[in-house]
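Number of protein chains: 2
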Amino acid sequence: MTASPTTVLADLTSIRTRVDDALASFLRAKAGSGAARRLPEEVVTTLDGFLFGGGKRIRPVLCVLGWLAGGGDPEVPAPVVRAAASLELFHASVLIHDDIIDDSDTRRDRPTVHRVLTDLHRDRRDPERFGAGAAIVLGDLTMVWAAELLHTAQLAHDRLAAALAVLDSMRADVMYGQYLDLLATACPTDDLERALQIVRYKTVSYTCERPLHLGAALADAPPEVRTALTAYARPLGEAFQLRDDLLGVFGDPAHSGKSNLDDLREGKHTALVALALEHASEAEAARLRTLLGDPDLDERAAQDCREILAASARPRVEDMIAARWELAIGALRQPPYPAEVAGALRRIADAAVLRTS
Amino acid sequence: MTASPTTVLADLTSIRTRVDDALASFLRAKAGSGAARRLPEEVVTTLDGFLFGGGKRIRPVLCVLGWLAGGGDPEVPAPVVRAAASLELFHASVLIHDDIIDDSDTRRDRPTVHRVLTDLHRDRRDPERFGAGAAIVLGDLTMVWAAELLHTAQLAHDRLAAALAVLDSMRADVMYGQYLDLLATACPTDDLERALQIVRYKTVSYTCERPLHLGAALADAPPEVRTALTAYARPLGEAFQLRDDLLGVFGDPAHSGKSNLDDLREGKHTALVALALEHASEAEAARLRTLLGDPDLDERAAQDCREILAASARPRVEDMIAARWELAIGALRQPPYPAEVAGALRRIADAAVLRTS
Numbered sequence: 104m105t106a107s108p109t110t111v112l113a114d115l116t117s118i119r120t121r122v123d124d125a126l127a128s129f130l131r132a133k134a135g136s137g138a139a140r141r142l143p144e145e146v147v148t149t150l151d152g153f154l155f156g157g158g159k160r161i162r163p164v165l166c167v168l169g170w171l172a173g174g175g176d177p178e179v180p181a182p183v184v185r186a187a188a189s190l191e192l193f194h195a196s197v198l199i200h201d202d203i204i205d206d207s208d209t210r211r212d213r214p215t216v217h218r219v220l221t222d223l224h225r226d227r228r229d230p231e232r233f234g235a236g237a238a239i240v241l242g243d244l245t246m247v248w249a250a251e252l253l254h255t256a257q258l259a260h261d262r263l264a265a266a267l268a269v270l271d272s273m274r275a276d277v278m279y280g281q282y283l284d285l286l287a288t289a290c291p292t293d294d295l296e297r298a299l300q301i302v303r304y305k306t307v308s309y310t311c312e313r314p315l316h317l318g319a320a321l322a323d324a325p326p327e328v329r330t331a332l333t334a335y336a337r338p339l340g341e342a343f344q345l346r347d348d349l350l351g352v353f354g355d356p357a358h359s360g361k362s363n364l365d366d367l368r369e370g371k372h373t374a375l376v377a378l379a380l381e382h383a384s385e386a387e388a389a390r391l392r393t394l395l396g397d398p399d400l401d402e403r404a405a406q407d408c409r410e411i412l413a414a415s416a417r418p419r420v421e422d423m424i425a426a427r428w429e430l431a432i433g434a435l436r437q438p439p440y441p442a443e444v445a446g447a448l449r450r451i452a453d454a455a456v457l458r459t460s
Numbered sequence: 104m105t106a107s108p109t110t111v112l113a114d115l116t117s118i119r120t121r122v123d124d125a126l127a128s129f130l131r132a133k134a135g136s137g138a139a140r141r142l143p144e145e146v147v148t149t150l151d152g153f154l155f156g157g158g159k160r161i162r163p164v165l166c167v168l169g170w171l172a173g174g175g176d177p178e179v180p181a182p183v184v185r186a187a188a189s190l191e192l193f194h195a196s197v198l199i200h201d202d203i204i205d206d207s208d209t210r211r212d213r214p215t216v217h218r219v220l221t222d223l224h225r226d227r228r229d230p231e232r233f234g235a236g237a238a239i240v241l242g243d244l245t246m247v248w249a250a251e252l253l254h255t256a257q258l259a260h261d262r263l264a265a266a267l268a269v270l271d272s273m274r275a276d277v278m279y280g281q282y283l284d285l286l287a288t289a290c291p292t293d294d295l296e297r298a299l300q301i302v303r304y305k306t307v308s309y310t311c312e313r314p315l316h317l318g319a320a321l322a323d324a325p326p327e328v329r330t331a332l333t334a335y336a337r338p339l340g341e342a343f344q345l346r347d348d349l350l351g352v353f354g355d356p357a358h359s360g361k362s363n364l365d366d367l368r369e370g371k372h373t374a375l376v377a378l379a380l381e382h383a384s385e386a387e388a389a390r391l392r393t394l395l396g397d398p399d400l401d402e403r404a405a406q407d408c409r410e411i412l413a414a415s416a417r418p419r420v421e422d423m424i425a426a427r428w429e430l431a432i433g434a435l436r437q438p439p440y441p442a443e444v445a446g447a448l449r450r451i452a453d454a455a456v457l458r459t460s
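If you read the sequences in order, they're chains C and D. Take the position in the first sequence, starting the count at 1, then add 103; the result is the number in the numbering used here. Take the position in the second sequence, starting the count at 1, then add 103; the result is the number in the numbering used here.
This is how it looks when you write it as structure tokens:
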């Protein structure tokens with residue numbers, strides 16, 4: 104059986120399905136060996152519930168597209184799918200820890216991992232403390248397993264080494280991004296460059312550029328493919344995060360599955376907030392500074408914030424998104440993109456910019 | 104210049120120095136690239152302070168001894184030292200998270216990482232929450248950097264792949280050990296097997312067996328070396344942890360640098376506790392159950408615990424340590440240990456069993 108990129112790309116769902124199959128089979132094996140060694144079942148079942156409770160699999164899909172852009176076999180061999188799947192497992196570890204840090208109760212309309220573990224151990228002396236501690240460990244184990252999923256993907260040794268170099272950058276970048284985010288949270292300023300630095304570490308590199316580079320590295324693609332992928336990924340990643348920031352404040356929770364109060368209550372430092380603090384009237388900026396980061400912010404005060412942000416910054420952020428979308432789309436018109444791969448990347452860019460969740 | 108194993112082993116300090124040099128040079132490079140990218144300096148300085156604030160470097164030393172046992176070059180090439188050093192960096196990540204989980208204020212007589220970060224950000228709205236969150240991220244970054252230190256050690260690709268297989272087991276084992284420990288903490292029982300299962304995951308595999316196997320894998324040693332190392336490492340690891348459990352209750356904080364109340368207050372499930380609950384009188388066992396895990400346990404009640412534990416279990420644990428020390432030493436008398444390597448491993452076994460800190 105042969106496949107053209109067209110077949111693979113006509114339906115990105117088939118890639119997602121293969122990624123999910125790789126994840127499920129890895130976790131099944133872990134459940135089996137854990138049971139044989141009388142290890143606690145809840146470790147795998149909790150992770151399984153979290154992993155298959157949702158998620159767009161955007162990083163694995165981009166990894167496979169990077170593989171195809173780099174001239175990889177359109178059939179997408181199993182080791183490449185497994186490597187792509189390892190990105191999703193790593194991402195799960197990041198989210199598990201992120202939810203502890205933010206003390207979030209839900210993600211994707213389901214209880215977060217530390218809440219699940221807390222509920223499972225309600226009869227303990229201090230179930231909240233147990234839940235948080237156990238989730239730190241489960242997040243660590245998930246990170247370790249993500250690496251194992253890649254190491255055991257049966258990649259050629261030189262491809263594995265190339266993949267590890269890309270992942271070392273990606274993983275350090277997202278951690279620095281998280282750290283920058285923590286530092287800036289609850290300290291809103293008009294520093295747009297600072298907001299964009301967080302985006303570059305937390306989203307651009309982690310969600311777009313490195314997953315694409317990983318695929319290209321697996322295909323042993325020449326350096327110009329990597330450069331071309333970067334030209335697409337950087338503006339796309341920024342557009343993606345800027346859209347996310349807007350949804351975090353103006354989004355409809357019924358569609359997005361997440362609160363539109365949390366970012367305001369945390370006082371998340373975003374481009375939206377930086378631009379508002381720069382362009383709003385002095386009185387409005389002062390009001391915004393008072394409200395942002397108030398953990399008890401109510402819906403009425405949140406509406407005040409939204410009005411100030413909408414008037415002073417929202418159109419500017421929409422312009423930034425549009426400009427970045429143009430750049431990303433423009434990059435796809437250059438070689439060396441096969442037409443079908445460019446088409447799929449274009450659809451992803453459209454979805455990232457137009458999405459409502 | 105040539106070196107015999109004797110030269111290297113006469114002074115294990117020289118191995119520790121080379122490991123520390125590898126760690127320092129890695130962190131210096133991270134500080135440099137971080138500064139160039141305007142990343143927060145405190146990330147590297149905090150990790151540096153923690154890493155060089157203490158630690159016996161037992162895992163890197165065992166890795167180098169595994170290398171020598173496997174017939175590796177007595178000069179110990181730089182890539183092997185770097186791989187050994189990566190174990191210490193991984194260990195730092197485990198300790199950083201462990202201290203958050205246990206809410207510990209100090210380690211090695213110095214403030215824990217989340218306390219350092221809390222103090223650094225005293226002027227924030229919620230410095231404790233910031234410190235814990237930032238330390239979760241810093242622990243994650245440390246784990247990522249530990250992997251990078253190995254990946255960039257300039258190992259041959261097939262040796263890197265062999266090393267990763269050992270590390271995948273080791274890292275998952277310690278996480279399962281942490282999880283088992285959390286589950287059992289504050290729920291003391293007379294289940295000795297359960298206590299020893301925790302030891303096998305948390306200490307035997309992680310502290311002794313896998314570091315030795317890593318060195319052997321780097322040397323491409325035949326399977327019988329691995330088997331021989333296991334015969335030594337398993338009883339040694341148990342003896343090491345059993346001694347640790349005794350020190351945690353009966354140790355002199357002035358010598359050990361750690362509290363002799365914490366294990367009792369946490370209600371840590373150890374072989375010592377399991378044996379006491381099995382062999383003490385009903386009244387004493389009941390008293391122990393009441394006291395263990397009481398976070399407000401005072402020195403007088405702790406003294407009660409110590410007396411019950413000393414009478415009903417301490418000699419039994421000392422017997423277990425002696426039996427395991429015998430087994431470990433006996434294993435060293437078999438081939439394929441070069442005499443000098445066996446001598447060094449013997450000194451480590453003696454130190455593990457006789458130590459007071």
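All residues carry an ideal CB built from backbone N, CA and C; glycine is no exception. As the structure is a computational prediction, the values presented were derived from the model and not from experiment.
Query	Result
Helix, strand or coil at D:R450 according to DSSP, with G and I counted as helix	helix
C-beta neighbour in chain D for C:Y440, strict 8 Å	no
DSSP state of D:R458 mapped onto helix, strand, coil	coil
Distance between C:V147 and C:V123 (C-alpha atoms, nearest Å)	The sequence as given places Asp at residue 123 of chain C; Val does not occur at that position. Straight-line Cα distance between these residues: approximately 15 Å.
Residues bridged to D:P214 (per DSSP)	D:T209
Neighbour flag for C:Y309 against chain D, beta carbons, 8 Å	no
CB contact below 8 Å: C:E191 versus chain D	no
Nearest neighbour of C:P439, chosen from C:Q406, C:R417 and C:A319 [CA to CA]	C:A319
Test item: CB-CB of C:T459 and C:S384 under 8 Å	no
Any C-beta of chain C under 8 Å from that of D:I199	no
C-beta neighbour in chain D for C:L286, strict 8 Å	yes
Cβ-based neighbour list, C:L448, same chain, cut-off 7 Å, excluding 5 preceding and 5 following	L168, Y335 and L435
DSSP-derived helix/strand/coil call for D:K133	helix
Straight-line gap, C:L412 to C:D208 (C-alpha atoms, nearest Å)	26 Å
CB contact below 8 Å: D:D271 versus chain C	yes
Cross-chain neighbours of D:R313 in chain C, by beta carbon under 9 Å	In chain order: nothing, as chain C lies at least about 13 Å away.
Inter-residue Cα distance where the pair is C:L115 and C:R450	10 Å
Backbone secondary structure at D:T292 - three-state DSSP	coil
Contacts of C:I239 in chain A (Cβ-Cβ under 7 Å)	Annotation note: the requested chain A is absent from the structure, which comprises protein chains C and D.
Closest Cα partner of C:S415 within the set C:P441, C:L380 and C:L394	C:L380
Own chain residues within Cβ distance below 6 Å of C:T105, not counting five before or after	Only weak support exists for where C:T105 lies, its pLDDT of 45 falling under 50; the value from the coordinates is given anyway. Here the set comprises nothing.
Exposure label - C:V444; buried when at least 16 CB within 10 Å	buried
Contact check, C:R228 vs D:A289, beta carbons under 8 Å	yes
Within 8 Å, strictly: CB atoms of D:A268 and C:H254	yes
Buried versus exposed call for D:G62 [16 or more other C-beta atoms within 10 Å across all chains shown]	With chain D covering only 104 through 460, there is no way to say anything about residue 62 of chain D.
Distance between C:D284 and C:E410 (C-alpha atoms, nearest Å)	24 Å
Within chain C, partners of D:G396 - CB distance below 8 Å	R228
Three-state secondary structure assigned by DSSP to C:Q257	coil
D:F153 at chain C interface by Cβ criterion, 8 Å	no
Whole-number beta carbon distance between C:A342 and C:A455, since they are thought to touch under 8 Å	6 Å
Partners in chain D for C:V216, counting only beta-carbon separations shorter than 7 Å	Within chain D, no residue comes near C:V216; the closest Cβ sits about 13 Å away, beyond 7 Å.
Straight-line Cα distance separating D:K133 from D:W248	9 Å
Separation of C:G370 from C:P398, as counted between CA atoms	9 Å
Cβ neighbours of D:D202 in the same chain (closer than 7 Å, five flanking residues each side left out)	R210, T215, V216 and H217
Whole-angstrom distance between C:G157 and C:A237, CA atom to CA atom	22 Å
Beta-carbon contacts of D:I432 that lie in its chain and below 7 Å, excluding the five residues immediately before and after	R449 and A452
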